[in-house]
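Participant:
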């Protein structure tokens, strides 16, 4: 039995399916999480390595503080690998050194062109035609991942905000009635049961 | 009696975790008992309710029992077994005058069917027959001759892909080639289901040294299988240079069998061991090597089911096992003596035959293609030089007759096995081998076709009756 964020994941379940039992993680996010930690589609929870389990748990504890993923190189067609006697630590050190050298070179080039590297990091740059490019939004949903208590808090805050501004949506939540325009002459049973200001 | 749904009072505040499901189907007349019982089913959050169709409770179909559990006398193999006269597969039988003869794959200690496995359809067929049989066709004899001439030449000169419509016998021909080469003393590497390397069913880890995603568990299994089938040949070959990896060292002079054995026991070093084994086999010119891959088109699909950490699809040439198959298939790596054989799977919607293969092998594609259709330059390079070996799409009458007789002797026919039935089944299946066996011969299990009584005066009232003979 693997425990992640206090949730028990059954051993025989597929890891990709088991992660959906976390509140806020659905099938797509679960697929993305598995891809990030190199868990294949048919991996059962009992087949997860300790490293994968700990890195999953530490990532889900605080997704915002996770380190950005580096882009590792992929072998071109006629690539010849180094002999296996070279240790992985040496290769990693070489790779990191090459990466920092590349980054420095890019920053120097930007300085030469008259732009500061900090601006470029935010993504707000001016193109050659002088128009400002829009701030690039990250396409990776894992960077803005919200689960469990954080997500519940967000939902609570949204409902409280609607009530505070005195909107129709807020009033309906307060009255335990359907919010999205459903009929109330019949069939509002779920809304009467669940709709609340302090829902979570 | 009119059917009406009655209203049931619903409790508003329920304790968390309970679900009450209440149904009524019809109101019974007053004074009588309700014909349908009102059911109250309560499921708590932690239910121990066994689902009727859960995997544990299901009994699988067509799983053969182990020979030791067949204690009843009727199930014991009789000494005069119906297929005992079928000759065993031998390389000497690959001659013109043996075309149309059914041969059986005998159970040897290094049986490739047992260790490497077979494609699923073939596995089911072998379970049904008493012996694992196949028929020698003219294409089998041709392939055997090609392999004989390939035994003295580098593998990049003999790279065939078996093509043909669905069910024409490509996988069977590949298996026959594997058995032929093994019997002739080759080293054989047979991958019966190459799609398992690309459909995200085995572990994958990025390796900075090779800049690809290694598949350690699959490499471990492959090493074990290669060792079991080719142990005698691998004992005679040795490492030329020593290997040091992960605190393990193999000195030069270690036999390839010892190396493979070490790799098959430890998944951590298995990928490196497999790479070293293939490098050594690519340098030795003593023993020819056959690399036979079924589901060949699966590794030529641009996107595999694997995803990298940034969620983009991993390409097949960035996965370790498909990459080595692609390199040997394209001729970038070569065995000094040997051949590469691939067999396409015509009807697999998840892994269709791609434009690059269709162009190189001059196949009639399913969809119209133009110079503007999408093609990957890298996969085109990996497909360059592949030769098409078309498998005839129908049995000759002689081959079909041998197959029919074999199944008849094994008591697979539920109808009387006469010429009429044979010709009927041969015509219905248009000679297609798979259709002939599965829909034709095994279709007789449904029983004889109904016979229509021609004597009734009105044609529209004629009924077909099954006449038991």
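Residue numbers (the working numbering), protein chains in the order written: chain B, -17 to 182; chain Z, 218 to 686.
We put the CB at the ideal spot given by N, CA and C, even for glycine.
#1: Indicate whether at least one CB of chain Z lies closer than 8 Å to the CB of residue 37 (chain B).
#2: Taking residue 394 (chain Z) as the query, report the chain B residues whose CB atoms sit under 8 Å from its CB, ordered along the chain.
#3: Mind checking if residue 4 (chain B) is an interface residue toward chain Z, Cβ cutoff 8 Å exclusive?
#4: CA-CA distance, residue 643 (chain Z) and residue 551 (chain Z)?
#5: Would you say residue 526 (chain Z) reaches chain B, if we count a Cβ-Cβ gap shorter than 8 Å as a contact?
#6: By how many angstroms is the C-alpha of residue 428 (chain Z) removed from the C-alpha of residue 62 (chain B)?
#7: Determine, using beta carbons only, whether residue 380 (chain Z) and residue 561 (chain Z) come nearer to each other than 8 Å.
#8: Taking only runs of the alpha helix (DSSP H) that begin and end inside the stretch 416 to 489 of chain Z, which ones reach a length of at least 4 residues, in chain order?
#9: Can you tell which of Z:455, Z:417, Z:426 and Z:657 has the C-alpha that lies nearest to the C-alpha of residue 522 (chain Z)?
#10: Among Z:509, Z:662 and Z:527, whose alpha-carbon lies nearest the alpha-carbon of residue 721 (chain Z)?
#11: How many Å lie between residue 134 (chain B) and residue -3 (chain B) at the Cα?
#12: Exposed or buried, what is residue 10 (chain B) when buried is set at 16 or more other beta-carbons lying within 10 Å of its beta-carbon?
#13: Identify the contact partners of residue 77 (chain B) in chain Z, using a Cβ-Cβ distance below 9 Å as the criterion.
#14: Under 7 Å Cβ to Cβ from residue 603 (chain Z), same chain only, skipping five residues before and after it: list those, please.
#15: Taking 8 Å as the threshold, find out whether the stretch 312 to 326 of chain Z comes into contact with the stretch 585 to 598 of chain Z through three or more Cβ pairs.
#16: Out of Z:436, Z:385 and Z:452, point me to the one whose CA is closest to residue 539 (chain Z)'s CA.
#17: At 8 Å on the CB atoms, spell out the chain B contacts of residue 462 (chain Z), in chain order.
#18: Under 8 Å between C-beta atoms, does residue 428 (chain Z) make it to chain B?
#19: Can residue 486 (chain Z) and residue 414 (chain Z) be called in contact, C-beta distance under 8 Å?
#20: Please list the terminal residues of the continuous beta strand (DSSP E) segment that includes residue -14 (chain B).
#21: Would residue 608 (chain Z) pass as a contact of residue 350 (chain Z) if the rule is Cβ separation under 8 Å?
#22: In whole angstroms, what is the alpha-carbon distance linking residue 339 (chain Z) and residue 631 (chain Z)?
#23: Are the C-beta atoms of residue 542 (chain Z) and some chain B residue less than 8 Å apart?
#24: Check whether the stretch 566 to 576 of chain Z touches the stretch 48 to 56 of chain B, taking contact to mean three or more Cβ pairs, one atom from each stretch, closer than 8 Å.
#25: Comparing alpha-carbon positions, which option in Z:548, Z:398 and Z:484 lies nearest residue 450 (chain Z)?
#26: Give the straight-line distance between the Cα atoms of residue 502 (chain Z) and residue 649 (chain Z), rounded to the nearest whole angstrom.
#27: Please state the DSSP three-state secondary structure of residue 221 (chain Z).
#28: Closer than 9 Å by beta-carbon distance: list the chain Z residues that pair up with residue 61 (chain B), in chain order.
#29: Measure the C-alpha to C-alpha separation of residue 475 (chain Z) and residue 400 (chain Z) and round it to an integer number of angstroms.
#30: Measure the C-alpha to C-alpha separation of residue 618 (chain Z) and residue -5 (chain B) and round it to an integer number of angstroms.
#31: Is any beta-carbon of chain B found at less than 8 Å from that of residue 417 (chain Z)?
#32: Which partner residues does residue 351 (chain Z) have in the DSSP bridge list?
#33: Below 8 Å on the Cβ atoms is my guess for residue 506 (chain Z) versus residue 366 (chain Z); work out the distance and round it to an integer in Å.
#34: With distances taken Cα to Cα, identify the nearest neighbour of residue 45 (chain B) among B:71, B:122, B:3 and B:142.
#35: Just to confirm my understanding: we take residue 662 (chain Z), look at its own chain, exclude 5 residues before and 5 after, and list those with CB closer than 6 Å. What are they?
#36: Taking the C-alpha atoms as reference points, what is the distance between residue 174 (chain B) and residue 129 (chain B)?
Facilitator: Judging by the given coordinates:
#1: Chain Z, which has no Cβ nearer than 8 Å to the Cβ of residue 37 (chain B), makes this no.
#2: Counting only Cβ-Cβ distances below 8 Å, residue 394 (chain Z) has no contacts in chain B at all, with the closest Cβ about 29 Å away.
#3: Taking a beta-carbon distance threshold of 8 Å, residue 4 (chain B) does not count as an interface residue toward chain Z.
#4: Their Cα atoms are separated by approximately 42 Å.
#5: It does: the Cβ of residue 526 (chain Z) has a partner Cβ on chain B nearer than 8 Å.
#6: Approximately 10 Å between the Cα atoms of the pair.
#7: With contacts defined as CB atoms closer than 8 Å, residue 380 (chain Z) and residue 561 (chain Z) qualify as a contacting pair.
#8: Complete alpha helix (DSSP H) runs here, min 4: 433 to 452 and 473 to 482.
#9: Residue 522 (chain Z) has its Cα closest to that of Z:417, out of Z:455, Z:417, Z:426 and Z:657.
#10: Given that chain Z is displayed from residue 218 to residue 686, the structure contains no residue 721 (chain Z) and the question cannot be resolved.
#11: C-alpha separation (whole angstroms): 24 Å.
#12: Exposed, since its Cβ has fewer than 16 Cβ neighbours within 10 Å.
#13: Correct list: 425.
#14: Around residue 603 (chain Z), the same chain offers 376, 378, 546, 577 and 578 as residues with beta carbons nearer than 7 Å, after the five sequence neighbours per side are excluded.
#15: No contact exists between the stretch 312 to 326 of chain Z and the stretch 585 to 598 of chain Z.
#16: Of Z:436, Z:385 and Z:452, the residue nearest in Cα terms is Z:436.
#17: Chain B residues near residue 462 (chain Z): 66 and 67.
#18: Chain B contact via Cβ: present.
#19: No; because the gap between Cβ atoms is not below 8 Å, this pair is not in contact.
#20: For residue -14 (chain B), the enclosing beta strand (DSSP E) starts and ends at -16 to -14.
#21: No, Cβ-Cβ distance for residue 608 (chain Z) and residue 350 (chain Z) is not below 8 Å.
#22: In this model, residue 339 (chain Z) and residue 631 (chain Z) are separated by some 22 Å (Cα to Cα).
#23: False, the Cβ-Cβ gap to chain B never drops below 8 Å.
#24: Not touching, per the Cβ criterion.
#25: Of the candidates Z:548, Z:398 and Z:484, the residue whose Cα lies closest to the Cα of residue 450 (chain Z) is Z:398.
#26: Answer to the nearest angstrom: the Cα atoms are 40 Å apart.
#27: Residue placement at residue 221 (chain Z) is poorly supported in this model, since its pLDDT is 39, which falls under 50; the coordinates still yield a value, given next. Three-state result, residue 221 (chain Z): coil.
#28: Neighbourhood of residue 61 (chain B) in chain Z, by CB distance below 9 Å: 427, 428 and 429, in chain order.
#29: Each residue's Cα considered, the two are about 23 Å apart.
#30: Whole-angstrom Cα-Cα distance: 49 Å.
#31: Flagged as an interface residue toward chain B: residue 417 (chain Z), by a C-beta distance shorter than 8 Å.
#32: In the DSSP secondary-structure assignment, residue 351 (chain Z) is bridged to Z:320.
#33: Their Cβ separation, rounded to whole angstroms, is 15 Å, which puts residue 506 (chain Z) and residue 366 (chain Z) out of contact at 8 Å.
#34: With distances taken between Cα atoms, residue 45 (chain B) lies closest to B:122.
#35: If you ignore the 5 residues before and after residue 662 (chain Z), its C-beta comes within less than 6 Å of the C-beta of 631, all in its own chain and listed in chain order.
#36: Our two residues, residue 174 (chain B) and residue 129 (chain B), have alpha carbons roughly 26 Å apart in a direct line.
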